[in-house]
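Numbering (full-length UniProt numbering), first residue to last: 1 to 227.
Here it is as structure tokens:
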């Protein structure tokens, strides 16, 4: 871990270059707008291509808007993947966008996400879980200055803290520490995150993605994050 576990003020976050309102109030536009915009593209731009080039509707939608949204979502999921690995939770699979389902299965019902190997959740693992949950929005914030997706991630963490009967002060402490720790980790390992995002955008295997992390970050540094 990068910082001691204690209550951090919003001013302390700002001193570390973190504006909490831009990171923890993400607009849930990442996935919902994709489906709407894909449907709009079919109505506005796809019909001529179907007729002239013989593309199927899903091919037109994928090629016309796939790259537009992928650049944000691969960065978001790479954040989850990298932080999970650094804190000792092994990723076992990922889906970047509903666009992947569109390409593979003709479906827009699958959301983006990174899956992890099963592990027993106890309160002692909360610190790791919190960092993983906020890693996607943290990655977006560092790259674009604001987190435009990941509302579900923030909501899941909020629900977990409520289920553990955290007071508001204790929940604030947990979230602020997690934000600071995660942002500092991502800043420190930006090269690994960038390479990982590129690999994920190309659909590389889990083993390849893990190999990229291990090749980019020293073993001693990885072990340090587990402390």
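Glycine is no exception: its CB is placed at the ideal position from the N, C-alpha and C atoms.
Looking only at its chain, what residues have a beta carbon closer than 8 Å to the beta carbon of residue 229, apart from the 5 residues adjacent to it on each side? In the structure as shown, the chain starts at 1 and stops at 227, and residue 229 therefore has no counterpart that could be examined.
On the three-state DSSP scale, how would you describe residue 92? In the three-state DSSP reduction, residue 92 falls in the strand class (E or B).
Compute the Euclidean distance between the alpha carbons of residue 200 and residue 188, then round it to the nearest angstrom. Those two C-alpha atoms are separated by around 20 Å.
Would you kindly check if the distance between the Cβ of residue 174 and the Cβ of residue 161 is under 9 Å? Yes. Within cutoff.
Mind checking residue 144: buried by the 16 CB within 10 Å criterion, or exposed? Under this definition residue 144 is an exposed residue.
In or out: residue 91 buried (at least 16 other Cβ within 10 Å) or exposed? The residue in question, residue 91, is buried, as its Cβ has 16 or more Cβ neighbours within 10 Å.
Based on Cα-Cα distance, which residue from 158, 168 and 163 lies nearest to residue 7? Residue 168 is the option with its Cα nearest to residue 7.
Relative to the C-alpha of residue 88, which candidate in 76, 130, 74 and 73 has its C-alpha closest? With distances taken between Cα atoms, residue 88 lies closest to 130.
Enumerate in chain order the residues of its own chain whose CB-to-CB distance from residue 244 is below 7 Å, with the five nearest sequence positions on each side excluded. What is shown of the chain runs 1 to 227, which leaves residue 244 out entirely.
Integer Cβ distance of residue 213 from residue 196, believed to fall under 8 Å: Separation of the CB atoms of residue 213 and residue 196 is rounded to 6 Å, and the pair is thereby assigned contact status at 8 Å.
In chain order, what residues of the same chain lie with their CB nearer than 7 Å to the CB of residue 78, ignoring the 5 residues before and after it? Taking C-beta separations shorter than 7 Å and ignoring five residues to either side along the sequence, the partners of residue 78 in its chain run 139, 193, 196, 197 and 200, following chain order.
Length of the line joining the Cα atoms of residue 156 and residue 206: One alpha carbon belongs to residue 156, the other to residue 206, and they sit about 24 Å apart.
Using 9 Å as the threshold, is the C-beta distance between residue 3 and residue 126 below it? Contact flag unset, no.
Assign residue 221 to one of two classes, buried (16 or more other C-beta atoms within 10 Å of its C-beta) or exposed (fewer than that). Exposed.
Is the Cβ-Cβ distance between residue 141 and residue 23 less than 9 Å? For residue 141 and residue 23, yes; Cβs fall inside 9 Å.
Which residue marks the beginning of the alpha helix (DSSP H) containing residue 169, and which one marks its end? Counting along the chain, the alpha helix (DSSP H) containing residue 169 begins and ends at 168 to 188.
Do residue 147 and residue 158 come within 9 Å of each other at the CB atom, strictly closer than that value? Contact annotation: residue 158 and residue 147 have beta-carbon atoms that are not nearer than 9 Å.
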